[in-house]
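Residue numbers (UniProt numbering): 1 to 241.
Here is the structure:
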């Protein structure tokens, strides 16, 4: 029996269920729409990984689509942080933070044949694709910038609610960055196993970030003052109104 990609299926199911509930119960303001989009992309990537590793659909178009999905996560996260911290000075030029993702989407479209699912396991997948080092630089850069903004903003924030949200996002970002630190440490020691599977491993760790985004979305929605989401779901608000 083939269990490759089974963890991806488990995470995908949880993230899709999260997304459906969030779409039903959350407010659809700018912050929440960005966060919802990120949860959808995370769920989409895990679904693609399961399709490739377990169902055997490994033609180059499938890893290409998986990379297109994850390419927009770091710039979306940076946009989310800029919006939350009101640090967005770019205005309409905000599209600039998406230029690397757009570039790789278009460039890889003409290089699809070079995409390959190199290895599949129960936990992760690894890929062969062009311009890996350049892609990695532009992939991690928005994540690093997001962390720097949060480090600067948290001590300056007096609002306890905002500070809690910033801390949740900051510690979640640190958590999903652990594979990067471990991967580069092992690379300097002569092992490239983690580096070659970095995107897949990070997206597994990003399940925690999906939970953090869910917290943000719910905390930023009309029923946040109830202090108890489960009471809201069980009809508490209706029966006590």
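Ideal Cβ placement from N, Cα and C applies to all residues, glycine included.
As computed with DSSP, residue 125 is found in a beta bridge with 120. By the neighbour-count criterion, in which 16 or more other beta carbons inside 10 Å mark a residue as buried, residue 180 falls on the buried side.
Contact annotation, residue 43 with residue 72: C-beta distance approximately 14 Å; criterion of less than 8 Å not satisfied. Beyond the five residues adjoining it in sequence on each side, residue 167 comes within less than 7 Å, by CB distance, of 154 in the same chain, given in chain order. Scanning its chain for C-beta atoms nearer than 6 Å, with the 5 sequence neighbours on each side dropped, one finds around residue 116 the residues 128, in chain order. With respect to the 8 Å criterion, residue 212 and residue 169 are classified as neighbours on the basis of their beta carbons. The region 59-68 and the region 27-39 do not touch, with fewer than 3 CB-CB distances between them shorter than 8 Å. Straight through space, the alpha carbons of residue 164 and residue 158 are spaced by roughly 10 Å. For residue 4, the number of other beta carbons within 10 angstroms of its own is at least 16, and it is reported as buried.
Taking the Cβ atoms as the reference, residue 123 lies roughly 7 Å from residue 204, within the contact range of under 8 Å. C-alpha of residue 150 to C-alpha of residue 64: approximately 32 Å in a straight line.
Between the region 131-149 and the region 97-111 there are three or more C-beta pairs closer than 8 Å, enough to call the two in contact.
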